[in-house]
Amino acid sequence: ALMYVGYGETVFDNLVLEVPAIGNYNVTFVGGGLYDGVTYFQVTVGDPYRLFVPDEWTTEKGRTYTKVTIYDSKKTLMLEAMAVIVYDGGDNFVGDTDVNEDETPMQRMVYVSSNRGNLVAAPKRTSMGEVGY
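Counting in the numbering used here, the sequence shown runs from 35 upward without gaps.
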């Protein structure tokens, strides 16, 4: 942060909070021989930013997905089901805040690809910020 000093004032410009988690934050300013100055702010879920594949995920309906990362080779390999979820820029699950302008749930198309082999899967739509494959 840059600090500009004037007559009886100090301005902190461009304060940055990296990957903000949802919650309440207190900010305390301390100066020699002065009482502290305290302010606060709240971080809420932001705009959808990226897709994420968690190691384990339980949907609102109670289905649990556990990511499997090792498979034995076969002629045709069927991968275990896995969840794909929508995160905001602070790595917070978007969930039911992923809505259109008219407040209806956003349905984003999610496609699957692989850097090797012939991975075949139909595109799916997200619902409430999540989709299961």
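Glycine is no exception: its CB is placed at the ideal position from the N, C-alpha and C atoms.
In this chain, the beta strand (DSSP E) harbouring A117 covers A117 to D122.
By the neighbour-count criterion, in which 16 or more other beta carbons inside 10 Å mark a residue as buried, D132 falls on the buried side.
In this structure, DSSP gives G129 a helical state, which the three-state scheme calls helix. Apart from sequence neighbours up to five positions away, the residues of its chain that approach V72 with a beta-carbon distance below 8 angstroms are N60, V61, T62 and F63, ordered along the chain. DSSP places L85 inside the beta strand (DSSP E), whose first and last residues are P82 to F86.
Linking Y167 to V45 through their CA atoms gives a straight-line distance of about 50 angstroms. The continuous stretches of beta strand (DSSP E) do not include Y145, and DSSP gives it neither H nor E. Note that the C-beta distance between Y83 and G42 is not below 8 angstroms.
The Cβ-Cβ distance between I56 and F86 does not fall below 8 angstroms.
A distance below 8 angstroms between beta-carbons, with the five flanking residues on each side excluded, links Y74 to the following residues of its chain, in chain order: N58, Y59, N60 and V61.
For Y59, the enclosing beta strand (DSSP E) stretches over residues G57 to F63.
Boundaries of the beta strand (DSSP E) harbouring G166: E164 to G166, taken from the DSSP string.
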